[in-house]
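Numbering (the numbering used here), first residue to last: 13 to 220.
Structure record follows, encoded as structure tokens.
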């Protein structure tokens with residue numbers, strides 16, 4: 013026991029088992045989804061209780077905790093990787109694969125860099141607005157500038173064109189792929205006629 017709502021064990025929702033159908037989650041009738049008991053919710057910081065704080069987006073939290081450097085630093089890292097819209101209390105299982113990767117990336121950025129780390133990212137731009145992709149590329153460049161290695165599996169041309177070295181697999185997908193078509197700089201890939209990636213990359217680099 014503690015400050016959580018005991019009816020839902022602090023989850024804010026109650027799971028209803030549907031047997032042959034997927035389980036259904038409904039808001040807890042006791043705390044109304046707030047997760048905490050009344051005594052805990054009566055405690056406020058800058059006019060907000062814990063439930064209201066957890067409902068803030070990371071971008072809002074950055075402003076809210078501006079005078080709390082340890083918290084603000086972590087919020088800034090999350091915003092920098094394009095996750096400013098994620099809410100503080102958002103359950104981890106609801107994050108997409110790309111979002112989860114970027115949360116881990118923001119955690120790494122908040123640590124002291126050794127300059128000897130390899131980061132492997134699988135399509136981290138999935139679902140991102142182009143402005144958020146720009147932010148992500150800035151972060152990845154920062155990691156490389158610190159001496160680290162960043163390996164990205166990606167189809168986004170804005171990411172591909174910024175790579176130092178591209179390994180283009182193909183030439184087709186599925187059974188028709190698995191062969192290294194070309195590897196080298198973005199300019200070399202763009203000039204390789206056998207590369208489907210190069211065909212689309214050329215106009216982006218102004219080489220068409």
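We treat Cβ as the ideally placed atom computed from N, Cα and C, and that holds for glycine.
| Item | Value |
| --- | --- |
| Leaving out the 5 sequence neighbours to the left and right, which residues in its chain are closer than 7 Å to residue 108 when beta-carbon positions are compared? | 138, 139 |
| Taking DSSP's pairing of strands, which residues face residue 165 in a bridge? | 134 |
| Look up residue 48 in the DSSP assignment and give the residues it is bridged to. | 16 |
| Determine, using beta-carbon pairs with one atom in the region 195-214 and one in the region 158-166, whether at least three such pairs fall under 8 Å. | no |
| In chain order, what are the residue ranges of uninterrupted alpha helix (DSSP H) at least 4 long that sit wholly in the region 36-101? | 50-53, 62-66, 70-76, 81-92 |
| Can you have a look at residue 209 and say buried or exposed, based on whether 16 or more other CB atoms are within 10 angstroms of its CB? | buried |
| In the DSSP assignment, find the alpha helix (DSSP H) that holds residue 195 and state where it starts and stops. | Here residue 195 belongs to no alpha helix (DSSP H); instead the beta strand (DSSP E) covers 191-196. |
| Measure from the alpha carbon of residue 114 to the alpha carbon of each residue in 21, 24, 42, 148, then state which is nearest. | 148 |
| Here's the rule I'm using: 16 or more other beta-carbon atoms within 10 Å means buried, otherwise exposed. How should residue 59 be labelled? | exposed |
| Which residues in the same chain have their Cβ closer than 6 Å to the Cβ of residue 78, if we skip the five residues on either side of it in sequence? | 84 |
| Cβ atoms of residue 95 and residue 131: under 8 Å apart, would you say? | no |
| May I ask you to report which of helix, strand or coil DSSP gives residue 123? | coil |
| In the DSSP assignment, find the unbroken beta strand (DSSP E) run with residue 210 in it and report its ends. | From DSSP, residue 210 is part of no beta strand (DSSP E) but of the alpha helix (DSSP H) over 208-216. |
| Between the beta-carbon of residue 192 and the beta-carbon of residue 181, is there less than 8 Å? | yes |
| Give me the residue from 135, 186, 43 with the minimum Cα distance to residue 167. | 135 |
| Who are the near neighbours of residue 25 in its chain, counting only those whose CB is closer than 8 Å to its CB and skipping five residues on each side? | 37, 38, 39, 40, 45 |
| Which residues share a DSSP beta bridge with residue 26? | 38 |
| If we call anything under 8 Å between Cβ atoms a contact, is residue 73 one with residue 42? | no |
| Write down the C-beta distance between residue 219 and residue 203 rounded to the nearest angstrom, noting that I regard them as a contact closer than 8 Å. | 7 Å |
| Which of the three DSSP states, helix, strand or coil, is assigned to residue 110? | helix |
| I need the straight-line Cα distance from residue 173 to residue 217, nearest angstrom please. | 7 Å |
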